[in-house]
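If you're matching positions, the sequence shown starts at 77 in our numbering and goes up one per residue.
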Amino acid sequence: MTKRRNFSDQFKAAVALEALRGDKIVQEIAAKRQLHPTQVSTWKRQAIEGMAGVFSDKVKKAENKDGEIKELHAKIGQLAVENDFLSQGLKR
77 MTKRRNFSDQ
87 FKAAVALEAL
97 RGDKIVQEIA
107 AKRQLHPTQV
117 STWKRQAIEG
127 MAGVFSDKVK
137 KAENKDGEIK
147 ELHAKIGQLA
157 VENDFLSQGL
167 KR
């Protein structure tokens, strides 16, 4: 039994971009990259569907949330240290 191949995101993007250009037909791209034509078509369709997300504010909001999450984790850590310090002071 053969092992399933995993492809990087960069490889998928390169294949999808090549398919979107339209210089070669899907079968030629698939033969060149040793893929099944259905896989090339699937990646092309996914690229087209996800293209609207590039221009949306969702990406910017997600980046802002990541920064906010880091700040909140830092605050939680600070409060945990303060609670430990204060609880040790009460035990004395």
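Every residue gets a Cβ at the ideal spot worked out from N, C-alpha and C, and that includes glycine.
Every value quoted in this text rests on a predicted model; they were computed, and no experiment measured them.
Specify, as a first and last residue, the run of the alpha helix (DSSP H) that Gln122 falls within.
-> Numbered from its first residue, the sequence shown carries residue 122 at position 46. Gln122 -> alpha helix (DSSP H) spans 113–130.
By Cβ distance below 6 Å, which residues in the same chain neighbour Ala92 in space, the five residues on each side in sequence not counted?
-> For this step, residue 92 is matched to residue 16 along the sequence shown. Hits under 6 Å: Trp119, Lys120, Ala123.
Along the alpha helix (DSSP H) that carries Gln103, what are the first and last residues, could you check?
-> One-based indexing of the sequence shown puts residue 103 at position 27. Run containing Gln103: 102–109, per the alpha helix (DSSP H) assignment.
Inter-residue Cα distance where the pair is Val102 and Asp85 | Position 26 of the sequence shown, counting from 1, holds the residue named residue 102. Position 9 of the sequence shown, counting from 1, holds the residue named residue 85. Rounded to the nearest angstrom, the two C-alpha atoms are 19 Å apart.
Which full runs of the beta strand (DSSP E) of 3+ residues lie inside the segment 79–103, going along the chain?
-> none
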